[in-house]
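Numbering (the working numbering), first residue to last: 31 to 194. One structure is given below, encoded as structure tokens.
Below is the structure:
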């Protein structure tokens, strides 16, 4: 409740992947029995999952101007899926039921300056999906294609202007 009414110009939500958001303990069946009150008949894992969803909602709604969400490709040596809470925010975007606005998209269109540089990236081919990922290794650059971690559509090579 301490975050009620608090807003910040920029919010960074890092580690938005399954196992971190929601946390693995909220996904484990029966592991958080103490979160279930006597007046409810919900399963413990469902209650814990809803608490994780509420915390994610609070985190993203603190942003006044910009929200940056990152999700690792790998965690502890295993492929990390994007958090179900992040993916849920994009459901319906293709059908026009939800509009995703991005202030960073306008800044990317600006030319490179001494403080910025153009870098090679993978860009999602689905118009409603804002995903892109930096190409940082020779092995990555030699790939012919990649699947979008958000919507599973194909990604094409392109470039973005980023801070140095």
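Cβ atoms here follow ideal geometry from the backbone N, Cα and C, with glycine treated the same way.
Self-check item: Local Cβ density within 10 Å of residue 46, reported as buried at 16 or more and exposed below that
Solution: With 16 or more other Cβ atoms from the protein chains shown falling within 10 Å of its own Cβ, residue 46 counts as buried.
**Asked** Of the residues 178, 153, 79, 42, which one's Cα is nearest the Cα of residue 95?
**Response** Taking only the C-alpha atoms, the option nearest residue 95 is 42.
Checklist line | Given residue 180 as reference, the closest of 147, 191, 97, 158 once Cα atoms are compared | finding: Looking at 147, 191, 97, 158, the one whose alpha-carbon comes closest to that of residue 180 is 158.
DSSP state of residue 182, grouped into three classes?
Taken through DSSP and simplified to helix, strand or coil, residue 182 comes out as coil.
Open item on the list: Quick check on residue 37: does DSSP put it in helix, strand or coil?
Closed with: Reduced to three states, the DSSP call for residue 37 is coil.
Distance CB(residue 173)-CB(residue 149) smaller than 7 angstroms: It is not a contact, given that the beta carbons lie outside the stated cut-off.
For this session: Identify, in the order they occur along the chain, each residue of the same chain with its Cβ nearer than 6 angstroms to the Cβ of residue 117, setting aside the five sequence neighbours on each side.
Result: Here the set comprises nothing.
### Message
For a test of the three-state rule: what should DSSP assign to residue 54, helix, strand or coil?
### Response
DSSP places residue 54 within a helical segment (H, G or I) once states are collapsed to three.
Between the beta-carbon of residue 100 and the beta-carbon of residue 51, is there less than 7 angstroms?
Their beta carbons are not under 7 angstroms apart, which means residue 100 does not touch residue 51 by this criterion.
Alpha carbon to alpha carbon, how far is residue 49 from residue 106? Give it in angstroms, no decimals.
Between residue 106 and residue 49, the C-alpha separation is close to 11 angstroms.
State yes or no: is the C-beta of residue 92 within less than 7 angstroms of the C-beta of residue 147? In this structure, residue 92 sits away from residue 147, with a CB-CB distance that is not shorter than 7 angstroms.
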